[in-house]
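Here's the structure we're looking at; comments come further down.
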Amino acid sequence: GVLGPMRMSYARTIPTVRYVAGLLSDLVNDTISSENDIR
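For the sequence shown, the positions run 1 to 39 when our numbering is used.
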């Protein structure tokens, strides 16, 4: 979850956090795949 002030726009914050998490997941998966291709 996202912790923040009561007036934080959670409707906008949560999708942004999910988007960034997806980007990081893709980056990690691509890195792992690349390392496996080298071996």
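We treat Cβ as the ideally placed atom computed from N, Cα and C, and that holds for glycine.
Computed from a predicted model, the values in this text were never measured in an experiment.
Excluding the five sequence neighbours on either side, which residues of its own chain have a C-beta within less than 6 Å of the C-beta of glycine 22, listed in chain order? none
Using only the alpha-carbon positions, how far apart do threonine 13 and isoleucine 32 sit? Roughly 29 Å between the two C-alpha positions.
Alpha-carbon spacing of asparagine 29 relative to serine 9, whole angstroms: 30 Å
Does the distance from the C-beta atom of valine 17 to that of valine 2 stay below 9 Å? yes
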